[in-house]
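Visitor: Sending over a structure as structure tokens; questions will come in a sec.
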Amino acid sequence: MTRCHPKATFDAIALIEEKIIGSARLRLVKKGVGGIAYVAVLPEFSRQGIGTQLMKFLLNLAQEKGLHTVRLRSRVTAQNFYQKLGFSPTIEPFIHIGIPHVDMQLEFY
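Residue numbering for the sequence shown is 1394 to 1502, as defined by the working numbering.
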């Protein structure tokens, strides 16, 4: 299921028996560029492929919307998850709100 905020933001949710167990957001940043944020899955449903499904859904949507680049900020502990989806770090890790993070980007070719 998705919903759109003023043509610029798309939320994806994962449901089990009408209970939201995961979510993620794609935001159109500027022409051809999007950002993904708020990727989350309830702990009891983690490591079951739900986050991957949410991400693949949003990446397909990004391509449908004509985006050529998608960016995100990730905790360093989740960096491998995003790399498996094709994202690459754009800078060295840094501390954000007391937690190591890295900015990442995926280019569609």
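From the three backbone atoms N, C-alpha and C, an ideal C-beta is built for every residue, glycine too.
Remember, it's a predicted structure, so these values are computed and weren't measured experimentally.
(1) Please state whether the Cβ-Cβ distance between A1471 and M1448 is less than 8 Å.
(2) Quick one: grab the DSSP three-state call for I1490.
(3) Which class does F1450 belong to by DSSP, given the choice of helix, strand or coil?
(4) By the DSSP assignment, the alpha helix (DSSP H) with Y1502 in it spans what residues?
(5) So, is S1439 buried or exposed, given that buried needs 16 or more other C-beta atoms within 10 angstroms?
(6) What separation, rounded to the nearest whole angstrom, lies between the Cα atoms of R1464 and E1410?
Guide: In brief:
(1) Position 78 of the sequence shown holds residue 1471. Position 55 of the sequence shown holds residue 1448. No; because the gap between Cβ atoms is not below 8 Å, this pair is not in contact.
(2) The residue you call residue 1490 lines up with position 97 of the sequence shown. In the structure shown, I1490 sits in coil (DSSP, three-state: anything other than H, G, I, E or B).
(3) As a working mapping, residue 1450 is identified with position 57 in the sequence shown. Looking at F1450 - three-state DSSP - the assignment turns out to be helix.
(4) To locate residue 1502, count along the sequence shown from 1; it is residue 109. Careful: Y1502 lies outside any alpha helix (DSSP H) and carries neither H nor E.
(5) Here residue 1439 is taken as the residue at index 46 of the sequence shown, counted from 1. Per the 10 Å Cβ criterion, exposed.
(6) Numbered from 1 along the sequence shown, position 71 holds the residue referred to as residue 1464. Numbered from 1 along the sequence shown, position 17 holds the residue referred to as residue 1410. CA-to-CA, the gap between R1464 and E1410 works out to about 32 Å.
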